[in-house]
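Numbering (the UniProt record's numbering), first residue to last: 1 to 127.
Just so it is clear, CB atoms sit at the ideal spot from N, CA and C, and this is done for glycine as well.
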């Protein structure tokens, strides 16, 4: 009977020990679960913030892109107008330069004639 009592006591101690280990693991797992749930909530909040930031960045990107496209179109028009103005100025420059060149040649020819005439007059005067 003594051995039965010892066996029963031994089995009871083992049962208590097992029950204690299970309880400790359960409490530890519960605490760990709360920690993980807290981390999950924080991660979800961070993801929601990042989604909001990404949406704002995307909206801002498209707004800036639209503004830049309008500015590019405006600059293209200004560039085309300036190109026309430069072409007119260049054409006018070459036209005026050509006219001046012709006038200079004409004046040089007149100058040569006058020089020749003056030379004849001078030669005749001193004869």
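Inset, instruction - Pull up the distance between the alpha-carbon of residue 126 and that of residue 106, whole angstroms please. - result: 30 angstroms
Inset, instruction - Kindly indicate which three-state DSSP category residue 125 falls into: helix, strand or coil? - result: helix
Inset, instruction - Just the C-alpha distance for residue 67 and residue 78, rounded to the nearest angstrom, thanks. - result: 17 angstroms
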